[in-house]
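Numbering (the numbering used here), first residue to last: 1 to 531.
Working notes for the structure below.
Right, here's the structure in full:
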């Protein structure tokens, strides 16, 4: 064990101690930082460590921190910069300790911590550039400098295997529990579109996909959609799931800017494409009334596209008395695409780094890519689609990126929307067999916490705050890749069994239980399986 490696551990302890002092006004983060510092102190006292079994035991507390701490301290969202600095030092600690424990897979242990540090640094740098007047981001960036130095040192130890063609470095595809799934690669080495999975978050497979953009499916949950638009800069808007086709349920959420409708896509015979099944095409609404309408040009983005169709058509603009504050980024996008035809607007949407990266951040994290060939004779998977409904210039519009034009459902004032949207949705549902239940309806409404404050409803405000905390917790778990954690739990169980000498009996008992289940299944007429 080299003195250089031990010196770096001491330097990291000093860095974490300084970070804890800076976080003194945040008791929770200071406590987590103190746990990390105490762990390093105890580990330092246990050096030198001679046996791999002892090394495993000494590293186990750090593994637990790495897999449980991120979703715990990010449950309140990403607006606070403190969690970013704590997490960067947590992952940097793993990089510092990696060369001290090479016998037990330390390379993978260290490698998985690269991408989170780099991602944190990128987030802070982007926010600093977008808000140069704020000194908070520069301070946070300075606190992440040491973890970034640890990344560089780790890469230099690993050699050229991490180097990319442009001379920079890229993390391993297994590296981060917070990164979106990686683009699948075909045999030619070119990126290919993400295949559909059996999940109600997809647009129909007939859409042509641009290889330069990658939109994995994002869950259709109110908490996901609310967090998504907040990350895009939208202010004081949330999504609420509606469990019934009831106009009063929408009125109770007033003001409501529109609804998002999810339904199963059913391909049918080619009909008259010159007119929709209900309503009428209104091709002039875009040019005459400034309606935002974009064609869908990429898979899996229909949910985000439906959301933006409602949000951007309720932009308050210069009128601060009503509508939605869409924020500077979306306002810039809307202004830039003003006058574009629908297909070009769709291309601009799918190629927007901000929109794509925000969408992808909610995709299920996984280190694996399924490259198996699907059985051509297998039953077709269900495909689902999102569309938006909103009022614009006195008309009720259906905004479906798979249609050539916006669809008008007649005259409608904002206060009439709850009553007039119901028959439109009922007609849509009536196209399906009586037993079909795969529908979802979400209202786009003003932040309900604001209404609770206006009415001095302390109980309602507390309920909304609890709901937001639950959403943030679910989003943190959704982004976390638990494959590594599951592997570490299994390693821990095996290590305990080996340590107390019960490993062989444990395996024998499991084999005996498996044989018993197989025999019971065989006795009931099931297929006999060789074990």
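The beta-carbon is built from N, C-alpha and C at its ideal position, and this holds for glycine as well.
- Burial is judged here by how many other beta carbons sit within 10 angstroms of a residue's own beta carbon; residue 393 has fewer than 16 and is exposed.
- Leaving aside the five residues that flank residue 275 on each side, the residues in its chain whose CB is nearer than 8 Å to its CB run, in chain order, 281.
- The continuous alpha helix (DSSP H) containing residue 360 extends over residues 353–360.
- A straight-line Cα-Cα distance of about 10 Å links residue 83 and residue 71.
- Around the beta carbon of residue 15, a 10 Å sphere encloses 16 or more other beta carbons of the protein chains shown; the residue is thus reported as buried.
- By the neighbour-count definition (other C-beta atoms within 10 Å, threshold 16), residue 315 is a buried residue.
- Pairing residue 346 with residue 299, the inter-Cα distance amounts to about 12 Å.
- Close CB contacts of residue 101 within its chain, under the 7 Å cut and outside five residues either way in sequence, are with 55 and 59 (chain order).
- DSSP, read as helix, strand or coil, puts residue 144 in coil.
- In the three-state reduction of the DSSP assignment, residue 227 falls in the helix class, which pools H, G and I.
- If you draw a straight line from the Cα of residue 47 to the Cα of residue 95, it is about 17 Å long.
- Here DSSP, grouped into helix, strand and coil, assigns residue 342 to helix.
- For residue 240, the enclosing beta strand (DSSP E) has its first and last residue at 237–242.
- Under the DSSP assignment, residue 387 falls outside any alpha helix (DSSP H), being part of the beta strand (DSSP E) whose first and last residues are 384–392.
- Using a C-beta cut-off of 8 Å, the stretch 221–236 makes contact with the stretch 329–342, since at least three inter-stretch Cβ pairs fall below that distance.
- DSSP lists 262 as the beta-bridge partner residues of residue 440.
- A residue is called buried once 16 or more other Cβ atoms fall within 10 Å of its Cβ, and residue 68, having fewer, is exposed.
- Contact between residue 139 and residue 444 is ruled out by a C-beta separation of about 36 Å, above the 8 Å threshold.
- Taking C-beta separations shorter than 8 Å and ignoring five residues to either side along the sequence, the partners of residue 222 in its chain run 238, 239, 240, 241, 442 and 471, following chain order.
- C-alpha of residue 413 to C-alpha of residue 251: approximately 14 Å in a straight line.
- Under the 8 Å Cβ criterion, the stretch 293–307 counts as touching the stretch 401–410, having at least three qualifying pairs.
- The alpha-carbon of residue 500 is positioned some 17 Å away from that of residue 510.
- About 22 Å separates the Cβ atoms of residue 425 and residue 292, ruling out a contact at the 8 Å cut-off.
- Of all alpha-carbon atoms in 384, 415 and 136, the one lying nearest the alpha-carbon of residue 395 is that of 415.
- Less than 7 Å separates the beta-carbon of residue 421 from that of residue 389.
- In this chain, residue 410 is not harboured by any alpha helix (DSSP H); it is covered by the beta strand (DSSP E) spanning 407–411.
- Per DSSP, the continuous alpha helix (DSSP H) segment holding residue 503 begins and ends at 503–523.
- Residue state for residue 257 is assigned as strand, using DSSP reduced to three classes.
- DSSP places residue 8 within a helical segment (H, G or I) once states are collapsed to three.
- Less than 7 Å separates the beta-carbon of residue 144 from that of residue 88.
- Residue 128 has its alpha-carbon roughly 18 Å from the corresponding atom of residue 86.
- Taking C-beta separations shorter than 7 Å and ignoring five residues to either side along the sequence, the partners of residue 429 in its chain run 439, following chain order.
- Excluding the 5 residues flanking it on each side, residue 464 has same chain C-beta neighbours closer than 7 Å at 448, 449 and 452, in chain order.
- Assignment of residue 324 by DSSP, reduced to helix, strand and coil, places it in the strand class.
- Residue state for residue 332 is assigned as helix, using DSSP reduced to three classes.
- Cα atoms of residue 34 and residue 40: separation of roughly 10 Å, rounded to the nearest angstrom.
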